[in-house]
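Peer 1:
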Amino acid sequence: MEIQMLKLRFTVAAAALTVLTGLPVATAQQGANDNLILNGQLPTSQDQTDSGRYEARRTSTDSRQQQPTVTQAIVQKLQKANENEIELAKMAMQKTDHSELKQLTQTIVRDHEALNQELQQFSNQNQANSQGQRVPTQLCQIADQACDNAMKMTKDMLTKYEGQDFQMAFLGQQCVAHTMMLAELKAIESTGPQELQPVAQEAISKVEKHLEKAKQLAKKLEDDEKQRS
């Protein structure tokens, strides 16, 4: 019965948290393509005055400059996901006395902090002067809010567990979160902005190691419970 309950908590944690990293990058990229305003110009009627045409172009340009580029939108999303991983790992660090799990959480914190530092160079770019396709601001806000909502639900769930139950729930969540991040990083590496591809490639190897270790630890905890039964 205990083993079945541990499996259930692992499965619930995995199934409930598939949106941890927010909306897929592909959605943001498609939104950029669908809503792109070329050359900062809006369609004008034949009888529109020169003054009206100028005002329309100026308004369009101002609005476009406030929107992030595809690169900036992807970076913001990855940074948010990294911040959430760091926060959850620190939470687990405080709630577990399992030495291997503590070591994993320390590795997660270190690697995701390093990735965010590397991504910071793209965040520091002047958004108004950046070239390239733009992503609608509202779409970015929705993705950001979805990520916040998922984080809150994750923390609410994990705080209900202690000991072995917490460890299995946390590892289940980590398997899902790292699977989602790995899928996005591979997509960025193959089809994303060229300047982000080397960063994605470097991050992939670390995320793969985190995922594999989380799976191994979950299996080990389950086997240990079987031996005690």
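Using mature numbering (1 follows the signal peptide of the UniProt record, and there is no 0), the letters of the sequence shown map in sequence onto residues -28 to -1, 1 to 201. From the three backbone atoms N, C-alpha and C, an ideal C-beta is built for every residue, glycine too. What you are looking at is a predicted structure, and each value in this text was computed from that prediction instead of being measured.
1. If I follow the unbroken alpha helix (DSSP H) through Gln173, where does it start and stop?
2. If you reduce the DSSP assignment to three classes, tell me which class Thr41 lands in.
3. Distance, Cα to Cα, Ile58 vs Gln169?
4. One question on the structure: do Val47 and Leu111 come within less than 8 angstroms of each other, judged by their Cβ atoms?
5. Measure the alpha-carbon distance for Glu72 versus Val42 and round it to whole angstroms.
6. By the DSSP assignment, the alpha helix (DSSP H) with Asp128 in it spans what residues?
7. Residue range of the alpha helix (DSSP H) that Asp69 falls in?
8. Leaving aside the five residues before and after Asn56 along the sequence, list all residues of the same chain whose C-beta is less than 6 angstroms from its C-beta, in chain order.
9. With the cut-off set at 8 angstroms, would you say Gln39 and Arg106 are in Cβ contact?
10. Would you decide whether Asn88 is buried or exposed? Buried here means 16 or more other CB atoms lie within 10 Å of its CB.
11. Expressed to the nearest angstrom, what Euclidean distance is found between the alpha-carbon atoms of Asp116 and Met125?
Peer 2: According to the structure shown:
1. Gln169 to Arg200
2. strand
3. Looking at the backbone, the Cα of Ile58 and that of Gln169 are separated by about 23 angstroms.
4. Cβ distance not < 8 angstroms, so Val47 and Leu111 don't count as in contact.
5. 38 angstroms
6. Thr109 to Leu130
7. From DSSP, Asp69 is part of no alpha helix (DSSP H); its letter is neither H nor E.
8. Met123.
9. yes
10. buried
11. 14 angstroms
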